[in-house]
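Undergrad: The sequence shown begins at 0 in numbering that gives the first Met the number 0 and counts up one residue at a time.
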Amino acid sequence: MVLGINMEIKLIPKEDLRDFWKIQKQYLKKYSFDCVRKDYSKNKNLYVGCYKQQELIGIAHGFVKKNMVILSGIAVKHEYWKKGIGAKLLSFFEKQAKKTGKKKITIGAANFPIDVVGFYEKSGYKVVKRYKKYTIVEKEI
(Lines of atoms letter the chains of each structure in order from A and count residues from 1; the text may use other names and numbers.)
(Lines give C-alpha, C1' and ligand atoms only; values in the text may rest on other atoms or scores of the structure.)
Protein backbone atom coordinates (compact mmCIF):
# COMPACT_ATOMS: atom_id res chain seq x y z
CA MET A 1 0.00 0.00 0.00
CA VAL A 2 1.63 3.24 -1.16
CA LEU A 3 0.81 6.27 1.03
CA GLY A 4 2.44 9.08 -0.82
CA ILE A 5 5.80 10.25 -1.94
CA ASN A 6 8.32 7.64 -0.81
CA MET A 7 5.99 6.07 1.81
CA GLU A 8 4.79 2.48 1.70
CA ILE A 9 3.08 0.04 4.06
CA LYS A 10 4.08 -3.59 3.70
CA LEU A 11 5.00 -6.72 5.62
CA ILE A 12 8.23 -6.35 7.55
CA PRO A 13 11.00 -8.54 6.12
CA LYS A 14 13.20 -10.52 8.51
CA GLU A 15 16.23 -8.31 7.81
CA ASP A 16 14.33 -5.30 9.26
CA LEU A 17 13.52 -6.97 12.59
CA ARG A 18 16.18 -5.03 14.51
CA ASP A 19 14.67 -1.72 13.29
CA PHE A 20 11.21 -3.04 14.23
CA TRP A 21 12.51 -3.91 17.70
CA LYS A 22 13.96 -0.42 18.23
CA ILE A 23 10.56 1.17 17.58
CA GLN A 24 8.70 -1.50 19.52
CA LYS A 25 10.80 -1.17 22.67
CA GLN A 26 10.63 2.64 22.59
CA TYR A 27 6.85 2.97 22.27
CA LEU A 28 5.40 -0.39 23.28
CA LYS A 29 6.31 -3.28 25.59
CA LYS A 30 9.99 -3.91 26.09
CA TYR A 31 10.68 -7.44 24.89
CA SER A 32 14.12 -8.86 24.21
CA PHE A 33 15.23 -9.10 20.60
CA ASP A 34 15.19 -12.90 20.92
CA CYS A 35 11.51 -12.78 21.93
CA VAL A 36 10.74 -10.61 18.91
CA ARG A 37 12.58 -13.01 16.59
CA LYS A 38 10.72 -16.03 17.97
CA ASP A 39 7.34 -14.30 17.71
CA TYR A 40 8.13 -13.13 14.17
CA SER A 41 8.91 -16.70 13.09
CA LYS A 42 5.35 -17.70 14.11
CA ASN A 43 3.49 -14.53 13.07
CA LYS A 44 5.47 -12.88 10.25
CA ASN A 45 2.30 -12.20 8.24
CA LEU A 46 1.10 -10.00 11.11
CA TYR A 47 4.22 -7.81 11.26
CA VAL A 48 3.44 -4.66 9.30
CA GLY A 49 5.65 -1.63 8.72
CA CYS A 50 5.43 1.85 7.27
CA TYR A 51 8.54 2.83 5.35
CA LYS A 52 9.60 6.31 4.30
CA GLN A 53 12.07 5.67 1.52
CA GLN A 54 14.07 2.84 3.14
CA GLU A 55 13.50 3.86 6.80
CA LEU A 56 11.02 2.00 9.01
CA ILE A 57 8.94 4.72 10.72
CA GLY A 58 5.90 2.83 12.01
CA ILE A 59 4.88 -0.68 13.00
CA ALA A 60 1.87 -2.84 13.80
CA HIS A 61 2.08 -6.43 14.93
CA GLY A 62 0.01 -9.20 16.45
CA PHE A 63 -0.64 -12.90 16.76
CA VAL A 64 -3.39 -15.49 16.41
CA LYS A 65 -5.00 -16.76 19.59
CA LYS A 66 -7.84 -19.30 19.49
CA ASN A 67 -10.63 -17.78 17.39
CA MET A 68 -9.22 -14.26 17.04
CA VAL A 69 -6.25 -12.12 16.12
CA ILE A 70 -4.70 -10.05 18.89
CA LEU A 71 -3.17 -6.73 17.85
CA SER A 72 -0.16 -6.38 20.13
CA GLY A 73 0.41 -2.76 19.24
CA ILE A 74 0.84 0.06 16.78
CA ALA A 75 3.69 2.55 17.08
CA VAL A 76 4.82 5.41 14.88
CA LYS A 77 7.98 7.44 15.42
CA HIS A 78 7.04 10.65 17.21
CA GLU A 79 8.06 12.97 14.37
CA TYR A 80 5.48 11.25 12.13
CA TRP A 81 2.50 11.38 14.52
CA LYS A 82 -0.82 12.90 13.37
CA LYS A 83 -0.19 12.13 9.69
CA GLY A 84 -2.61 9.20 9.33
CA ILE A 85 0.14 6.57 9.41
CA GLY A 86 -1.33 4.71 12.40
CA ALA A 87 -4.70 4.40 10.65
CA LYS A 88 -3.03 3.08 7.49
CA LEU A 89 -1.02 0.57 9.51
CA LEU A 90 -4.21 -0.59 11.24
CA SER A 91 -6.03 -0.97 7.91
CA PHE A 92 -3.21 -3.05 6.40
CA PHE A 93 -2.98 -5.13 9.60
CA GLU A 94 -6.73 -5.83 9.40
CA LYS A 95 -6.33 -7.13 5.83
CA GLN A 96 -3.54 -9.43 6.97
CA ALA A 97 -5.60 -10.58 9.97
CA LYS A 98 -8.53 -11.43 7.71
CA LYS A 99 -6.27 -13.79 5.73
CA THR A 100 -5.85 -15.92 8.88
CA GLY A 101 -9.50 -16.96 8.62
CA LYS A 102 -10.30 -15.56 12.07
CA LYS A 103 -13.38 -13.37 12.45
CA LYS A 104 -12.30 -10.87 15.11
CA ILE A 105 -9.44 -8.56 16.10
CA THR A 106 -8.99 -7.74 19.80
CA ILE A 107 -6.78 -5.03 21.27
CA GLY A 108 -5.90 -3.96 24.79
CA ALA A 109 -5.81 -0.20 24.09
CA ALA A 110 -3.86 2.00 26.52
CA ASN A 111 -5.75 4.56 28.59
CA PHE A 112 -2.61 6.54 29.42
CA PRO A 113 -0.28 8.28 28.93
CA ILE A 114 -2.33 8.74 25.76
CA ASP A 115 -5.91 7.48 25.57
CA VAL A 116 -6.01 5.72 22.20
CA VAL A 117 -9.50 4.18 22.45
CA GLY A 118 -10.95 6.94 20.25
CA PHE A 119 -8.43 6.07 17.53
CA TYR A 120 -9.76 2.51 17.38
CA GLU A 121 -13.41 3.57 17.63
CA LYS A 122 -12.94 5.72 14.51
CA SER A 123 -11.93 2.51 12.71
CA GLY A 124 -15.04 0.61 13.80
CA TYR A 125 -13.83 -1.03 17.01
CA LYS A 126 -16.27 -1.42 19.91
CA VAL A 127 -15.41 -1.17 23.60
CA VAL A 128 -15.81 -4.55 25.31
CA LYS A 129 -14.44 -3.83 28.79
CA ARG A 130 -12.68 -0.98 30.57
CA TYR A 131 -9.90 -1.40 33.11
CA LYS A 132 -7.85 1.21 34.96
CA LYS A 133 -4.84 1.10 32.58
CA TYR A 134 -6.35 -0.19 29.36
CA THR A 135 -9.58 -0.85 27.50
CA ILE A 136 -10.42 -3.97 25.48
CA VAL A 137 -11.75 -3.13 22.02
CA GLU A 138 -12.83 -5.54 19.28
CA LYS A 139 -13.87 -5.54 15.66
CA GLU A 140 -15.42 -8.21 13.48
CA ILE A 141 -13.45 -8.75 10.27
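Don't be surprised by glycine CBs; every beta carbon is placed ideally from N, CA and C. This structure is a prediction, so every number in the text was calculated from the model and none was measured.
Report the residue from Lys98, Val136, Ser122, His77 whose alpha carbon sits nearest the alpha carbon of Ile106.
TA: In the sequence shown, residue 106 corresponds to position 107, counting from 1. For Ile106, the nearest C-alpha among the options comes from Val136.
Undergrad: Among Arg129, Ile22, Trp80, Glu120, whose alpha-carbon lies nearest the alpha-carbon of Gly72?
TA: Counting from one through the sequence shown, the residue named residue 72 turns up at place 73. Looking at the Cα atoms, Ile22 is the closest of the given residues.
Undergrad: Assuming Asn5 contacts Lys51 (C-beta within less than 8 Å), just tell me the rounded distance between them.
TA: Within the sequence shown, residue 5 is the residue found at index 6, counting from 1. Within the sequence shown, residue 51 is the residue found at index 52, counting from 1. With 8 Å as the limit, Asn5 and Lys51 qualify as a contact, their Cβ atoms being about 6 Å apart.
Undergrad: What does the Cβ neighbour count give for Val68, buried or exposed, with the cut at 16 atoms within 10 Å?
TA: Taking the first residue of the sequence shown as position 1, residue 68 is located at position 69. Buried, since its Cβ has 16 or more Cβ neighbours within 10 Å.
Undergrad: DSSP three-state label for Lys128, please.
TA: On the sequence shown, position 129 is the one that residue 128 refers to. Three-state result, Lys128: strand.
Undergrad: Output the distance between the C-alpha atoms of Lys102 and Gly61, rounded to the nearest integer angstrom.
TA: Within the sequence shown, numbered from 1, the residue matching residue 102 stands at position 103. Within the sequence shown, numbered from 1, the residue matching residue 61 stands at position 62. Going from the Cα of Lys102 to the Cα of Gly61 covers about 15 Å.
Undergrad: Since Gly72 is in the beta strand (DSSP E), which residue starts that stretch and which ends it?
TA: By 1-based counting over the sequence shown, the position of residue 72 is 73. Unbroken beta strand (DSSP E) run through Gly72: 67-75.
Undergrad: Taking Glu7 as the reference, which of Thr134, Asp38, Leu55 has the closest Cα?
TA: The residue given as residue 7 occupies position 8 in the sequence shown. Per the Cα distances, Leu55.
Undergrad: Taking the alpha carbon of Phe147 as the reference point, which residue from Lys41, Cys34, Leu88 has its own alpha carbon closest?
TA: For residue 147 there is no data in the structure shown, the boundaries of the chain being 0 and 140.
Undergrad: May I have the straight-line CA-CA distance separating Lys82 from Lys41, to the nearest angstrom?
TA: Translated into the one-based positions of the sequence shown, residue 82 becomes position 83. Translated into the one-based positions of the sequence shown, residue 41 becomes position 42. Rounded to whole angstroms, Lys82 and Lys41 show a C-alpha spacing of 31 Å.
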